[in-house]
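Residue numbers (the UniProt record's numbering), protein chains in the order written: chain A, 1 to 255; chain B, 1 to 255. Structure record follows, encoded as structure tokens.
There are 2 protein chains.
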Amino acid sequence: MLTISQLAATAGVTVRTVRHYHQVGLLPEPERDASGYRRYGAQAAVDLIRIRTLADAGVPLARIDAVMHAEPAEFAAAMADIDGELRRRIDQLTEHRRRIAALSGGERLVLPAEVVAVLDRMRGLGVSERTVRLERDARILMQILDPGSAPRWIRDKNARFDDPAKTRLYLACDEVIDCAPDDPRVGRLIDELDAWQIEHEGDISQPELKVLDSLIAESSPAWQRLIEVLNHRAERRRTAVSGTAARRRVASFDP
Amino acid sequence: MLTISQLAATAGVTVRTVRHYHQVGLLPEPERDASGYRRYGAQAAVDLIRIRTLADAGVPLARIDAVMHAEPAEFAAAMADIDGELRRRIDQLTEHRRRIAALSGGERLVLPAEVVAVLDRMRGLGVSERTVRLERDARILMQILDPGSAPRWIRDKNARFDDPAKTRLYLACDEVIDCAPDDPRVGRLIDELDAWQIEHEGDISQPELKVLDSLIAESSPAWQRLIEVLNHRAERRRTAVSGTAARRRVASFDP
DNA sequence: GTTGACCCTGACCGTGCGTCAGGGTTGAAG
DNA sequence: CTTCAACCCTGACGCACGGTCAGGGTCAAC
């Protein structure tokens with residue numbers, strides 16, 4: 001007769017594993033001796049080895065019992081099924097590896113290389129890291145909300161930074177990021193931007209902008225005021241012309 | 001502001017997943033509104049998307065926080081590490097598939113094809129399925145206890161079944177498997193076997209036989225008696241000659 | 001008698017959520 | 001004003017396969 005540790009050693013598993021198989025009913029509980037110890041016969045060793053043979057091949061414990069007592073035909077079917085599952089799992093892990101490999105650099109984490117290049121250009125122009133991060137996060141969001149928007153964004157950004165006047169405005173915005181909303185510099189900047197916006201009315205006004213406005217507002221109270229005032233003025237200009245159809249931007253993303 | 005289901009939809013995950021990330025501290029808990037609902041800003045959406053990007057690439061949740069805030073150098077190291085883990089896992093599953101493929105037929109489950117061939121020969125000779133199973137289980141055990149023993153077993157078995165007299169004895173043993181131990185047929189068989197054994201004294205007597213004896217005894221009381229009596233007689237013959245050195249077989253495997 | 005090696009049961013841990021239970025909130029429709 | 005669907009909340013169990021205590025008996029040898 002074998003003790004549990006002898007049995008376990010015979011099959012090359014741990015004592016815990018044997019007890020686990022008892023618990024899930026895979027291996028029947030043997031007789032106990034006078035002191036309550038489990039005592040195993042040779043048949044138990046055979047059973048355990050057969051169980052391990054299947055388990056080592058990746059058969060889930062829950063299916064081992066059925067598989068062991070199956071007729072050859074269903075046995076083969078079960079094996080094919082399990083093999084299919086293993087293959088799917090491998091494919092999935094392979095896909096994971098592919099993605100891991102693609103995630104080499106930092107911002108490359110989520111964004112295509114061309115977008116990262118623009119962000120780096122901004123850094124080179126002296127834009128604060130904080131604002132660069134904000135632009136990055138905005139891109140991350142837009143990639144989800146409107147995956148086709150990247151090329152246009154890249155074009156627009158590059159065009160802006162090719163133009164010294166616009167670049168100056170952008171950097172000015174960057175500088176007031178930490179100002180209080182009522183700082184006079186913010187007021188002056190609003191006027192400048194408003195003048196610029198009048199020239200470019202209608203360029204961009206998709207509903208997704210709501211989320212971006214929100215993102216910007218979250219990161220700087222000064223910018224929040226800036227956006228609010230600009231939207232308000234723009235709306236007044238629009239209602240003065242069309243009457244309706246323009247309530248959206250302002251009511252947009254408020255709590 | 002976004003509700004939890006809107007946030008989840010934005011990132012393409014379930015509500016449960018978002019709450020799980022809160023629970024494990026991967027995503028900070030947002031503010032609550034008057035009725036206790038979570039309210040998310042756009043930054044949360046960005047964070048969640050970044051988390052999912054890593055999770056979808058197979059980065060364990062427990063490591064995502066560290067990976068996201070790592071410097072490029074450690075980031076690369078972590079990724080390499082994770083990739084190695086994925087590769088190991090894939091190798092393991094591939095090994096599982098290999099074994100699954102090897103487990104085509106029933107008894108092939110554990111035994112080499114040559115052994116299965118002998119078992120099939122026994123079936124062809126009219127040996128009961130029960131005895132064939134017993135032989136199979138004995139082989140399974142021996143494969144663990146003495147992996148090199150298969151060729152000899154195959155040779156011995158085939159030699160036995162090539163000899164009609166020995167085959168007859170074997171089949172006779174098979175027939176009494178379900179007899180009571182005191183059945184007269186068992187007694188007669190014992191005499192026959194004893195006579196045969198005298199001719200072949202010393203052929204086999206390794207210690208591993210203990211386990212096999214035990215396996216046999218477990219499966220049939222008649223065989224148990226058969227083995228006991230034969231061992232007893234053999235021992236008497238041996239002590240009559242050598243005096244000591246033979247207590248082993250009998251005391252062997254009793255509880 | 002004491003020491004070290006075994007044995008017992010019971011229970012928690014980790015992975016990444018799915019799912020159920022039991023109960024509040026909201027917003028639109030009747 | 002009620003009702004109904006569709007949300008929201010917390011808390012807890014489940015899964016696969018054991019690892020790893022905790023707390024306490026037993027056996028064999030010295």
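Don't be surprised by glycine CBs; every beta carbon is placed ideally from N, CA and C. These figures come from a predicted structure and were not determined experimentally.
- Contacts with chain B (Cβ-Cβ distance below 9 Å) from the region 90-105 of chain A involve I90, Q92, L93, T94, E95, H96, R97, R98, R99, I100, A101, A102, L103, S104 and G105, listed in chain order.
- By the CB criterion at 8 Å, I216 of chain B and L134 of chain B fall inside the cutoff.
- Counting only Cβ-Cβ distances below 7 Å, V211 of chain B has contacts in chain A at A42, in chain order.
- At the C-beta level, V67 of chain B and A78 of chain B come within 8 Å of one another.
- For G58 of chain B, the chain A residues whose C-beta falls within less than 9 Å of its own C-beta are Q92, L93, E95, H96, R97, R99 and I100, listed in chain order.
- Listed in chain order, the non-local C-beta contacts of P60 of chain B below 8 Å within the same chain comprise I82, local neighbours out to five positions each way being set aside.
- Using beta-carbon distances, A45 of chain A counts as an interface residue toward chain B, with a partner under 8 Å.
- For the pair W196 of chain A and T10 of chain B, the Cα-to-Cα distance works out to about 33 Å.
- The criterion of a C-beta distance shorter than 8 Å is not satisfied by V18 of chain B and L54 of chain B.
- Taken through DSSP and simplified to helix, strand or coil, Y40 of chain B comes out as strand.
- Look at L119 of chain B: its C-beta is not under 8 Å from any C-beta on chain A.
- Partner residues in the beta bridge of R32 of chain A, as assigned by DSSP, are A:R38.
- Counting other Cβ atoms within 10 Å of its Cβ, T131 of chain B reaches 16 or more and is therefore classed as buried.
- The residues I216, in chain order, have a CB closer than 6 Å to that of W223 of chain B in the same chain once the five nearest residues on each side in sequence are set aside.
- Per DSSP, the continuous alpha helix (DSSP H) segment holding L171 of chain B begins and ends at P164 to E175.
- In this structure, Y170 of chain A sits away from R155 of chain A, with a CB-CB distance that is not shorter than 8 Å.
- Assignment of L86 of chain A by DSSP, reduced to helix, strand and coil, places it in the helix class.
- The beta-carbon distance between I100 of chain A and G58 of chain B, rounded to whole angstroms, is 6 Å. This is short enough to meet the 8 Å contact definition.
- In this structure G41 of chain A touches E218 of chain B by the C-beta definition: roughly 5 Å separates them, less than 8 Å.
- If you draw a straight line from the Cα of S214 of chain B to the Cα of L226 of chain B, it is about 13 Å long.
- A direct Cα-Cα distance of roughly 14 Å separates D91 of chain A from E95 of chain B.
- Going by DSSP, A117 of chain B is part of the alpha helix (DSSP H) stretching over A113 to G124.
- When only Cα atoms are considered, E31 of chain A and V24 of chain A end up about 17 Å apart.
- Contact with chain A is found for T10 of chain B, since one of that chain's Cβ atoms lies less than 8 Å from the residue's Cβ.
- Listed in chain order, the non-local C-beta contacts of L27 of chain A below 8 Å within the same chain comprise V18, Y21, A44, D47, L48 and I51, local neighbours out to five positions each way being set aside.
- In terms of beta-carbon proximity, R87 of chain B lines the interface with chain A, with at least one pair separated by less than 8 Å.
- In the DSSP assignment, H20 of chain A falls within the alpha helix (DSSP H) that extends over V15 to Q23.
- Sequence-distant partners of A150 of chain B (beyond 5 residues in either direction) whose C-beta falls short of 8 Å from its own C-beta, in its chain, are P112, E114, V115, R139, M142 and Q143.
- The beta carbon of T3 of chain B does not come within 8 Å of any beta carbon belonging to chain A, so the residue lies off that interface.
- Taking a 10 Å sphere around the C-beta of L2 of chain B, we find 16 or more other C-beta atoms and assign the residue as buried.
- Rounded to the nearest whole angstrom, the C-alpha separation of R152 of chain B and V118 of chain B is 12 Å.
- Contact between R97 of chain B and R97 of chain A does not hold, since the beta-carbon distance rounds to 17 Å and is not under 8 Å.
- Annotation: M1 of chain B is outside any alpha helix (DSSP H) and is labelled neither H nor E by DSSP.
- Contact annotation: A172 of chain A and L189 of chain A have beta-carbon atoms nearer than 8 Å.
- Within chain A, the residues G41 and A42 have their CB atoms less than 7 Å from the CB of S214 of chain B, given in chain order.
- Within the model, the alpha-carbon separation for L93 of chain A versus L103 of chain A is close to 15 Å.
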